[in-house]
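Numbering (this note's numbering) for the sequence shown: 22 to 244.
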Amino acid sequence: MEEINLKELFEYFKSKILIILLIIVIVVSVSNIVTIIFRKPKYSSNSTIVLVSKQGENVSYTSSEYQLNKNLVSTYSEIIKSRKVLNQVIENLNLKISANELSENIKVDAVSDTEIIRITVSNKSSKLAKKITNEIAKVFIKEVKEIYNLENVSVVDEAIESSKPYNINYIKDNLIYLAGGFVISFLIVFIIYYFDTTIKSSEIIEDKFNLTILSMVPKGEDE
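Okay, structure coming up:
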């Protein structure tokens, strides 16, 4: 394999700096256009609910109730995404989607070592994401009362409308595109350099052919 002269390679890259910058600009521009066209912004809203004492504020919260609520967290998390709850939400909000489609955009998390459940809904509309989240919490609390005859669920934080899409971060994306542009441009210039067999200086002849240059013919004005 032919040895690469690092100094020569560095000088070659310097001479192609405009090509490198042009490739970077093209990569970043094309990537942003693709992002705008194909990546549709999606917004998310979340609400938190907590399992509380079913006996009222003035009655002490017993350890047995605490353990019961802890055991119910995982069960309640499944009920939230049940067809019974989601179909009621769809009917209440007059949504034009199925329960399965809605379920795919819902995430339910049981906050570790707590009795808190977080409901997160994503949607192309920030307003609709908020409405669906709050409606799910409302319908779920009603269903719990009917299924278990318990009133041990309360909303901690209602969902609010998100101002920024969660799936697009233009600063982060452009840093990635910029890095990709650098890699692509350097790779292209390196390939051009590697397969460029032209002799660019007398030093190359001396190094590659072990010959001594006795004289050089200066380049004429018309050449």
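For glycine and all other residues, C-beta sits at the position ideal for the given N, C-alpha and C.
Since this is a predicted model, take the numbers as computed values, not measurements.
Using three-state DSSP, classify Ser-95 as helix, strand or coil.
helix
Taking Cβ to Cβ, would you say Ile-140 is nearer than 9 angstroms to Ala-158?
yes
Could you tell me which residues DSSP puts in a beta bridge with Arg-139?
Thr-69, Asp-130
Let me know the secondary structure DSSP gives Glu-32 once reduced to three states.
helix
Contact between the stretch 64-73 and the stretch 171-188 (3+ Cβ pairs under 8 angstroms):
yes
Sub-9 angstroms separation of Val-48 and Gly-201 beta-carbons
yes
Per DSSP, which residues does Val-174 bridge with? Please list them.
Leu-72
Beta-carbon within less than 8 angstroms of Arg-60's beta-carbon, same chain only, minus the 5 sequence neighbours each way: which residues are those?
Asn-188, Ile-189
Outcome for Asn-121 when other beta-carbon atoms lying within 10 angstroms are tallied against a minimum of 16
exposed
Could you pull the DSSP bridge partners for Tyr-64 from this structure?
Asn-144
Coil, strand or helix - Lys-163 by DSSP
helix
Look up Leu-116 in the DSSP assignment and say whether it is helix, strand or coil.
coil
Under DSSP, the alpha helix (DSSP H) around Ala-200 begins and ends at which residues?
191-215
I need the straight-line Cα distance from Asn-195 to Ile-44, nearest angstrom please.
15 angstroms
Please classify Asn-144: is it buried, with 16 or more other beta-carbons within 10 angstroms of its beta-carbon, or exposed?
buried
What's the call for Val-142, buried or exposed, on a 16-neighbour Cβ count within 10 Å?
buried
Grab the span of the alpha helix (DSSP H) containing Ile-38 for me, first residue to last.
38-59
Please look up how many angstroms separate the CB atoms of Leu-72 and Val-176, rounded, as I've assumed it's under 8 angstroms.
So it is not a contact: roughly 12 angstroms between Cβ atoms.
Assuming contact is defined by CB atoms lying nearer than 9 angstroms, are Ile-118 and Lys-102 in contact in what I supplied?
no
For Glu-136 and Ser-98, what's the separation of their Cα atoms in angstroms?
11 angstroms
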